[in-house]
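Q: Just passing along the structure, written as structure tokens.
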Amino acid sequence: MKLNKLYIFLAVIATSLSMTACFEDQGADAIFEDNYVEFEDGRLPNGLTSTYVRKSDDQVDQVDIQVNRVSTDASSAITVTVGIDSEASTAVQGVHVDFGGASVTIPAGEWVATFPVTILTGNIEPSESPSLKLTMESATGATMSTNYSTMELNIAVICESNISTASDVWTATSESGYGTFTSKVTVTPVAGAVGEYTVSDISAGLYAAFGYGTTQQAIYGDNCNVMTFLRPGQREFNISAPAVEPFEGSFDPETETLVLYWSDPNNEIDGKTTLVKD
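Heads up: the sequence shown is residues 98 to 375, going by the working numbering.
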């Protein structure tokens, strides 16, 4: 019996060695030696979205588009001609953008290069969503990528927002099926974001009246004085976007008044909170 087990063991080893010998050597032949060129943002499924805060009617901005070398060899330069697919673009030359094409060179020894696209921000309304379809027309010193030689540049414009600072205090009044409640709250800009504000207690004391905390945060976005619920902040309840109309609130800069809508589906609350800056 022990001898049979030994034979089986040796047979397994021999089979393993013969299978290993069948695999090819993953040596120098497996190294990627081709030379391709691609748009960095060609890999994004929805394209690159570039957002600007419009401060004047003659405002002009610029976005840099990156082109990559995909290779293990950077010994020679690559020059790419970039054009526009006008049929696939909604951005209009001279209206939304100032871009008629570009020639961009990735120097020898370098892996990336950029070229500018000028955005005519002052001409673009926040309600517009112009898109520019960029395409590589030719390349010298490399092969254009099959999948990433085109890209979408999506342009978004929002209005400048200066609704509140961290030190401002507001008098808030909430209305819902639970009654009317009033309290002092803060409306604080969200760090690193444009036109986003955190209301410290969107219920204006509703929950506090039942023994709960006064931190019931809701975060809103301002786009040209139209206020949209974005997400909850720190809170004890399921504060959510409004479940019934109206879905959007407002800011009146003349009276410094905010009107915001929200809901708490767990407690069947459809709330309206009016805030006036003190």
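C-beta atoms are modelled at their ideal positions from N, C-alpha and C, and glycine is treated no differently.
Per DSSP, what kind of secondary structure is T218 in: helix, strand or coil?
A: helix
Q: Kindly list the residues whose CB is nearer than 6 angstroms to the CB of Y149, restricted to its own chain and excluding five residues on each side of it in sequence; keep chain order.
A: D158, T218 and V254
Q: Which partner residues of I252 appear in the DSSP bridge assignment?
A: S147
Q: Could you tell me which residues DSSP puts in a beta bridge with R328?
A: I316
Q: Taking the straight line between their C-alpha atoms, what separation do you get for I260 and Q313?
A: Whole-angstrom Cα-Cα distance: 20 angstroms.
Q: Going by DSSP in three states, P362 sits in which element: helix, strand or coil?
A: helix
Q: Pick helix, strand or coil for A174, following the three-state DSSP scheme.
A: Residue state, collapsed to three classes: coil.
Q: CB of T354 to nearest heavy atom of the ligand NAP: below 7 angstroms?
A: With respect to the ligand NAP, the structure offers nothing, as it holds no ligand at all.
Q: Can the beta-carbon of V201 be found closer than 8 angstroms to that of V164?
A: Cβ atoms of V201 and V164: closer than 8 angstroms.
Q: Rounded to a whole number of angstroms, what is the C-alpha to C-alpha distance between A174 and W208?
A: 10 angstroms
Q: With DSSP collapsed to three states, give me the class of A236.
A: DSSP, reduced to helix, strand and coil, places A236 within a strand of the structure shown.
Q: Rounded to a whole number of angstroms, what is the C-alpha to C-alpha distance between D375 and S273?
A: 23 angstroms
Q: So if DSSP puts Q156 in a beta bridge, which residue, or which two residues, is it bridged to?
A: Paired residue(s): none; Q156 is not in a bridge.
Q: Measure the CB-CB distance between G302 and T295 and report whether it falls below 8 angstroms.
A: no
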